[in-house]
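Q: Position one of the sequence shown corresponds to residue 0 (numbering that gives the first Met the number 0), numbered consecutively onward.
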Amino acid sequence: MSTTVSAALAFVLVATTVHLFSIGVAMWRCHRSKSPTSGGRPAVGIALVRTIRDLGAHEEETLRSSFNLTHPHHEVIFCAASDSDPAVATVRKLIAEYPHVQARLLIGDDRISANPKLNNMLKGWQDAKHDWIVFADSNLMLPPDYLEQVLTAWTSDTGAVCAPPIGSAPAGFWAEVECAFLNTYQARWQYAADSLGLGFAQGKTMLFRRDVLESQGGIAALGSELAEDAATTKIVRNAGLRIRLAGPSFFQPLGQRSAGNVFARQLRWAQLRRLTFPGWFALELLTGSAAPLLAMIVAAPAFGLPPVIAVAALAALWFGGEALLARTGGWHLSWRAPVSWLLRDLLIPVIWLRAWTAHGYQWGGHKVAWQPGGSASMTTESAVGIR
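(1) Three or more C-beta pairs closer than 8 Å, one from the segment 275-291 and one from the segment 202-209: is that the case here?
(2) Using the three-state DSSP reduction, which class does Trp-131 fall into: helix, strand or coil?
(3) Assign Asn-67 to buried or exposed, taking buried as 16 or more other Cβ atoms, counted over all protein chains shown, within 10 Å of its Cβ.
(4) Which of the three DSSP states, helix, strand or coil, is assigned to Ser-194?
(5) Go to Ile-242, then tell me how far its beta strand (DSSP E) extends in each direction, as first and last residue.
(6) Quick check: the Cα distance between Ile-385 and Asn-114, rounded to an integer number of angstroms?
(7) Can you tell me the Cα-Cα spacing of Asn-237 and Thr-50, whole angstroms?
(8) Would you identify the three-state DSSP class for Val-367, choosing helix, strand or coil?
(9) Whose C-beta lies closer than 7 Å to the C-beta of Ser-374 among residues of the same chain, with five residues either side of it excluded?
(10) So, using beta-carbon positions, are Ala-137 and Glu-58 closer together than 8 Å?
(11) List, from N- to C-terminal side, the beta strand (DSSP E) runs of 3 residues or more that fit wholly inside the segment 62-129.
(12) Is it buried or exposed, Lys-116, if we count other Cβ atoms within 10 angstroms and call 16 or more buried?
(13) Can you tell me where the beta strand (DSSP E) holding Ala-152 begins and where it ends?
(14) Strictly by DSSP, which residues pair up with Val-48?
(15) Answer yes or no: do Arg-256 and Ala-174 have a C-beta to C-beta separation smaller than 8 Å?
(16) For Gln-185, name the three-state secondary structure that DSSP assigns.
(17) Just the C-alpha distance for Leu-19 and Gly-319, rounded to the nearest angstrom, thanks.
(18) Do Trp-131 and Gly-44 have their CB atoms nearer than 8 Å?
(19) Could you tell me the distance, in whole angstroms, from the CA atom of Thr-2 to the CA atom of Leu-293?
(20) Give me, in chain order, the residues of the same chain whose beta-carbon lies closer than 6 Å to that of His-72; leave out the 5 immediate sequence neighbours on both sides.
(21) In the DSSP assignment, find the unbroken beta strand (DSSP E) run with Gly-254 in it and report its ends.
(22) Where are the alpha helix (DSSP H) runs, 4 residues long or more, that stay fully inside the segment 278-346, in chain order?
(23) In the segment 207-246, which residue ranges form an unbroken beta strand (DSSP E) of at least 3 residues, counting only runs that do not cross its ends?
(24) Judging by CA-CA distance, which residue of Leu-240, Gln-361, Ala-290, Gly-171 is the nearest neighbour of Trp-334?
(25) Per DSSP, what kind of secondary structure is Val-24 in: helix, strand or coil?
(26) Helix, strand or coil, according to DSSP, for Val-160 in the structure here?
(27) Assuming Gly-166 is part of the beta strand (DSSP E), what are its boundary residues?
(28) Might you give, ordered along the chain, the residues of its own chain that have their beta carbon closer than 7 Å to the beta carbon of Ser-64, omitting 5 neighbours on each side?
(29) Would you kindly work out how many angstroms separate the C-alpha atoms of Pro-169 and Asp-344, rounded to a whole number?
(30) What separation, rounded to the nearest whole angstrom, lies between the Cα atoms of Pro-305 and Pro-291?
(31) Are the beta-carbon atoms of Leu-253 and Gly-166 separated by less than 8 Å?
(32) Does the separation of the CB atoms of Gly-328 and Pro-277 fall below 8 Å?
(33) Suppose the cutoff is 7 Å on Cβ atoms and the five residues either side in sequence are ignored; what does the same chain contact list for Leu-388 look like?
(34) Is it true that the CB of His-70 sits closer than 8 Å to the CB of Glu-147?
(35) Identify every residue that forms a DSSP beta bridge with Gly-359.
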């Protein structure tokens, strides 16, 4: 066996082992999340803060889920930057429909950073009556025991609890591709990292205890990075604490997606990861199936198989594992999933390469840019954004 074949074989075996390990960890987390919620801190008061902007697909439904929570002592705070935001009227209607729920709407644009979302979060943090505060994006569907789940995930060494969203209700092929990114790829890797004590924050869900964050500079400190979740990860780790992940049972209904929308969103997230965690981001090139499948072409003689058969067998193993994970989690799974997974893995190196050269993105009606080289200086200007 030549050195080249041996090296290719070793890479295939290591990559496949890591892939299957991450699937096993995520499946275990799925089984655990299906157990009845117990423990936690059911007696503590907690504030749910939902930042709103525009009104996307399924968003009235996801906002309505804020009013059906079972925690006995909670408040709900909605935050909008402008009274003219399309979601404001919907929130007011929902508050009127559920007068028994302690809910209110705050409107105002407090510019404490170049991050529009963080600016919107500030007033909710300041107005919350409780010391436990969880931020949840408006397009996230909250299960009735959402607050119990995030509180239960908090342990003595925790600085924040987060949870990756699970894509659901895709309408069309490109929404299926978004599911492929969110579910059996990004969520899987996040739970694998969490199991190794390397949890990363994600902004869809972020639970804080007020005194912990205030001791590290308060909510304004989340503006120290381009993204509030990256800042949360660094702040928590610098404090000697850990990010813990709840779920995975918090779904994000996707609706319709276009190719450009999916690519732009994934590129934006990739740029943020490249700027804030460049070392970890560098490894992302090897996380999909593209590199192992290419390596299998070279390694096929070691198995005594034609390259086409060897590559097909490896693809079946990789994507079969993802299908098993999706079925275990009760996540979206359709006949188009294998094609979506393959296209996702072909896009990963394209997005990875583009993220190293891009120096800005559009989000929330703003254009966010930074200096070449990744310095912290940023500018924000009006632009048509994507969500």
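Ideal Cβ positions, reconstructed from N, Cα and C, are used throughout, including at glycine. The structure presented is a predicted model; accordingly, all values stated were derived computationally and were not measured.
A: Looking at the coordinates:
(1) Counting Cβ pairs under 8 Å, fewer than three are found: no touch.
(2) strand
(3) exposed
(4) helix
(5) Segment 241-244, the beta strand (DSSP E) holding Ile-242.
(6) Interpretation of Ile-385 is limited by its pLDDT of 42, a score under 50 that renders its predicted location unreliable; the figure taken from the coordinates is listed afterwards. Ile-385 and Asn-114 have their C-alpha atoms spaced approximately 14 Å apart.
(7) 27 Å
(8) strand
(9) With a pLDDT of only 49 at Ser-374, under 50, the local geometry of the prediction cannot be trusted, and the value read off the model is given with reservation. Excluding sequence positions up to five before and after Ser-374, its CB lies less than 7 Å from no other CB in the same chain.
(10) The amino acid at residue 137 is misidentified as Ala; the sequence shows Ser. Yes, Cβ-Cβ distance for Ser-137 and Glu-58 is below 8 Å.
(11) 73-79, 102-106
(12) buried
(13) Note, Ala-152: premise wrong, no beta strand (DSSP E); not H, not E.
(14) Ile-76, Phe-134
(15) yes
(16) helix
(17) 10 Å
(18) yes
(19) Rounded to the nearest angstrom, the two C-alpha atoms are 16 Å apart.
(20) Around His-72: Gly-44.
(21) 250-255
(22) 289-302, 306-328
(23) 241-244
(24) Selected option, being the one with the closest Cα: Gly-171.
(25) helix
(26) strand
(27) 165-170
(28) Met-140, Leu-141
(29) In a straight line, the C-alpha of Pro-169 is about 19 Å away from that of Asp-344.
(30) 16 Å
(31) yes
(32) no
(33) Nothing can be reported for residue 388: it is not among the residues displayed for the chain, which extend from 0 to 386.
(34) yes
(35) Ala-368
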